[in-house]
Amino acid sequence: MERVVPWAELVQVVRPFYYQEAGRGRGHPPGPLERMLRLYFQQQWFALADEALEDAVYDSQAFRGFLGIDLLRVSVPDATTLVKFRRLLEADDLGQRLLERVNALLRARGRLLSQGTLVDATIVAAPSSTKNAKRQRDPEMHQTREGNQRYFGMKAHIGADRASGAVHSVHCTAANVADISATGHLLHGEEKQVFADAGYLGAEKRSELKDRQIHWYIAAKRSQVKALPEGQIKDLTRALEWRKAQVRSRVEHPFHIVKNLFGHKKVRYKGLKKDSVQWSVLFALANLYLLRKPLLAWSQARCAHMPGAGRKGGVVSPK
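Heads up, the sequence shown is in the working numbering, so the first residue is -12 and it goes up one at a time.
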């Protein structure tokens, strides 16, 4: 991530909103902007609470090295400082801007195309207990049922690039919102094809989408395919559905990265706005992780072709 994340560009997104005066005269002042951004990303990569992250930085030489902190010269930002930085991102809705800047980089590298979009959603569980100070659940979260299982929480809806699987659009709602109702938020407007599961049947008929020149490849309901009589038509239908599922499977990769590798299987904050900002950042980081190998290869090739590469004092590709 040291070499993959476009640090300078992301810092420029946050810089106009960064509160340099916050903390002056009371508490700990905010640290350098890039260090705070690195600290925030560490929190997302390892799914750590504010206090847990502070402890991890003290305990881990790798964490301190990534942040550029020498305990003899630089103090570790405390949990309160991180909370202030996160609230800055939430107040100005910078999660979406960070995602857009990452995607601009991927587009410039030829890793984010515009011809096809994959849409899907995942349920993120929220605490359903009322054992808290207000004795109530988060009013912005709701209950839904998937199969025979009931869930309480939110949904993260995404639109992903057909070729790379990178996420270009994120929309967060309560869990009881139907997948199809969020479709319009997941299209960038330039795609010619859309792939989706059976939960999006009829999306092309919605008022906000019916005039778009799009080829819709939406999975048929299993019950309908199963009800077909045995024969050539059923065999061809199964082959078509298998092909659509093969293309659509790429949309599951970002969910796997965020939920299983980063460890975000539950809602972290109270309120959809806070969670929307976080999940936009999570998918931006997931895009960089998903495409880390071609991005590293591009970086190394660029360094190798710079004047003076390989000579003493010249620019060399990092090991």
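Ideal Cβ positions, reconstructed from N, Cα and C, are used throughout, including at glycine. Given the structure is predicted, the values throughout are model-derived calculations rather than measurements.
Item                                                                                                        : Value
Buried versus exposed, by CB contacts within 10 Å (16 or more), residue 4                                   : exposed
Any 3 or more C-beta pairs closer than 8 Å across the region 216 to 225 and the region 240 to 250           : no
Nearest-angstrom Cα separation, counted from residue 124 out to residue 153                                 : 33 Å
Cβ neighbours of residue 262 in the same chain (closer than 8 Å, five flanking residues each side left out) : 111, 141, 159, 254, 255 and 256
Cβ contact (3+ pairs, closer than 8 Å) linking the region 180 to 190 and the region 95 to 107               : yes
For residue 21 and residue 194, the rounded distance between their alpha carbons                            : 44 Å
Start-to-end residues for the alpha helix (DSSP H) that takes in residue 220                                : 219 to 235
Whole-angstrom distance between residue 139 and residue 127, CA atom to CA atom                             : 11 Å
Integer Cβ distance of residue 258 from residue 34, believed to fall under 8 Å                              : At roughly 19 Å, the Cβ-Cβ gap does not stay under 8 Å, so residue 258 and residue 34 are not in contact.
Per-residue DSSP class, three states only, for residue 157                                                  : strand
Identity of the residues DSSP links to residue 141 by a beta bridge                                         : 111 and 161
For residue 67, three-class secondary structure by DSSP                                                     : helix
C-alpha distance - residue 31 paired with residue 224, whole-angstrom precision                             : 42 Å
Segment contact, 8 Å Cβ cut-off, at least three pairs: the region -9 to 5 with the region 66 to 84          : yes
Member of 192, 199, 161 and 163 whose CA lies at the smallest distance from the CA of residue 175           : 199
Entirely enclosed alpha helix (DSSP H) segments - the region 32 to 77, minimum 4 residues                   : 37 to 46 and 48 to 54
Given residue 234 as reference, the closest of 147, 59 and 80 once Cα atoms are compared                    : 147
CA-to-CA distance, residue 151 to residue 97, given in whole angstroms                                      : 10 Å
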